[in-house]
Amino acid sequence: MNSLSAPTMPALLSVQDAIFPAHPFSGLFALGREQNWRLREMFPAFSVDQHGLPSSTARISYAQARESLLLARHIGGADLGILSGSRKSVSALGEMGLGMLAQANLGQALAFGLEYQLIAGSMLQLELEVGAQQSQLVSHALFDDRELQDFLDLDHLATAMNAARSLPGAQLTPQRLELRGNLQLSRSAAEAFFACPVIVGADVSQVVFASAMLELPLSAQSEQATLSRHACDQELASIGVLGKQSLVRTLVAMQCECRSVTEMASTLGISPRSLHRLLVREGAAYSQIAESVRMGRAKRLLLEGHGTEAVAELLGYSDERSFRRAFQRWTLSTPSEYRASRQT
1 MNSLSAPTMP ALLSVQDAIF PAHPFSGLFA LGREQNWRLR EMFPAFSVDQ HGLPSSTARI
61 SYAQARESLL LARHIGGADL GILSGSRKSV SALGEMGLGM LAQANLGQAL AFGLEYQLIA
121 GSMLQLELEV GAQQSQLVSH ALFDDRELQD FLDLDHLATA MNAARSLPGA QLTPQRLELR
181 GNLQLSRSAA EAFFACPVIV GADVSQVVFA SAMLELPLSA QSEQATLSRH ACDQELASIG
241 VLGKQSLVRT LVAMQCECRS VTEMASTLGI SPRSLHRLLV REGAAYSQIA ESVRMGRAKR
301 LLLEGHGTEA VAELLGYSDE RSFRRAFQRW TLSTPSEYRA SRQT
């Protein structure tokens with residue numbers, strides 16, 4: 001007898017999983033050694049030696065890392081993301097970096113790096129969006145952590161730029177850098193490092209560049225590329241993250257903005273209480289995640305020329321007034337003010 005299979009809860013990355021190696025912190029450790037930070041106290045989970053170097057085998061959780069990062073940001077200030085990211089290179093990215101170096105062109109190198117970014121200890125999710133004329137490397141939250149998001153955006157985008165610049169034969173020249181927060185950032189420092197105009201207060205954090213740059217040739221090494229892919233798969237499997245995604249990215253992918261908690265729990269094949277426990281464990285709020293996605297869609301629809309009544313209907317608001325109130329509460333501007341600000 002045939003029967004429909006019940007939904008299966010996907011395997012999830014957790015803020016408690018000890019999966020992050022020293023790679024993503026190499027810039028902070030370099031800066032700390034230069035400025036005589038108390039690195040042992042700041043990063044106790046990494047067993048820092050007398051020379052200020054972390055254990056090469058230790059892995060820590062996001063929950064452990066965030067306490068160290070918050071302290072580092074307090075010391076380093078708003079420009080810490082640039083100061084940290086600019087001190088990292090392909091060689092600091094482990095096997096993933098070797099795989100990038102072996103690709104045929106810049107686009108393939110970026111694609112390889114993004115596929116295996118967890119190996120380099122990525123604490124958010126970078127995605128490459130390719131367009132006919134323009135493409136962008138976009139930063140998305142891996143976990144629901146607004147307190148650290150600005151730092152992680154800047155640090156990881158700076159790391160990606162440094163990695164791209166380290167590839168032989170390909171010089172990625174961005175057209176602009178957009179940052180969703182970082183209002184205290186020294187814009188001149190960011191412009192000097194990224195070598196392009198910098199926009200703060202944007203809808204998303206991203207590096208924008210000409211799509212033609214993805215075709216810039218590299219010194220292809222097919223055998224090394226295959227070996228690196230195999231090594232990366234093995235490393236992901238060894239730390240238990242192969243095929244896993246964070247709860248935040250899972251909810252976004254499953255259109256949480258269109259589903260209630262009860263509906264989402266049913267889709268995941270768990271009870272609403274179990275979903276609530278997962279959210280508490282991850283320090284995440286379902287309403288905040290859903291509203292963030294909903295407002296992102298609203299902004300895109302408004303800029304595409306849709307009226308507020310149509311946007312309200314598309315996003316499931318009871319009426320136009322409810323949408324306007326929600327939009328102004330989230331963005332501190334009305335839909336018409338937002339659209340006007342992006343068209344000037």
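The sequence shown runs 1 to 344 under the UniProt record's numbering. Even glycine gets a Cβ: it sits at the ideal position worked out from N, Cα and C.
{"Item": "Where does E223 land, buried or exposed, given buried means 16+ other C-beta within 10 angstroms?", "Value": "exposed"}
{"Item": "Compute the beta-carbon to beta-carbon distance between T173 and M123, rounded to the nearest angstrom, for a pair I have assumed lies under 8 Å.", "Value": "With 8 Å as the limit, T173 and M123 do not qualify as a contact, their Cβ atoms being about 26 Å apart."}
{"Item": "P54: which of L70, P21, G85 and A78 sits nearest, CA to CA?", "Value": "P21"}
{"Item": "Below 8 Å on the Cβ atoms is my guess for A78 versus Q184; work out the distance and round it to an integer in Å.", "Value": "4 Å"}
{"Item": "Which class does L241 belong to by DSSP, given the choice of helix, strand or coil?", "Value": "According to the sequence displayed, residue 241 carries Val and not Leu. DSSP places V241 in coil when its eight states are reduced to three."}
{"Item": "Count Cβ pairs between the region 134 to 142 and the region 258 to 275 that sit closer than 8 Å; are there 3 or more?", "Value": "no"}
{"Item": "Secondary structure at Q171, three-state DSSP: helix, strand or coil?", "Value": "coil"}
{"Item": "Under 7 Å Cβ to Cβ from A225, same chain only, skipping five residues before and after it: list those, please.", "Value": "G99, A102 and Q103"}
{"Item": "Using 8 Å as the threshold, is the C-beta distance between E178 and S205 below it?", "Value": "yes"}
{"Item": "I'd like to confirm the pairing. Which residues does DSSP put opposite E309 in its beta bridges?", "Value": "Beta-bridge pairing links E309 to no other residue."}
{"Item": "Should N36 be labelled buried (16 or more other beta-carbon atoms within 10 Å of its own) or exposed?", "Value": "exposed"}
{"Item": "Could you compute how far the alpha carbon of I289 sits from the alpha carbon of F29?", "Value": "32 Å"}
{"Item": "Give me, in chain order, the residues of the same chain whose beta-carbon lies closer than 6 Å to that of A111; leave out the 5 immediate sequence neighbours on both sides.", "Value": "none"}
{"Item": "Indicate, with yes or no, if the ligand MG has a heavy atom lying under 7 Å from the CB of S228.", "Value": "In the structure shown, the ligand MG is absent, as is every other ligand, since no ligand is present at all."}
{"Item": "Going along the chain, which residues of its own chain have a beta-carbon closer than 7 Å to the beta-carbon of A298, five neighbours each way excluded?", "Value": "V311, L315 and F327"}
{"Item": "Quick check on E191: does DSSP put it in helix, strand or coil?", "Value": "helix"}
{"Item": "Using the rule of at least 16 other Cβ atoms within 10 Å of the residue's Cβ for burial, across every protein chain shown, is G243 buried or exposed?", "Value": "exposed"}
{"Item": "Classify V130 as buried or exposed, calling it buried when 16 or more other Cβ atoms lie within 10 Å of its own Cβ.", "Value": "exposed"}
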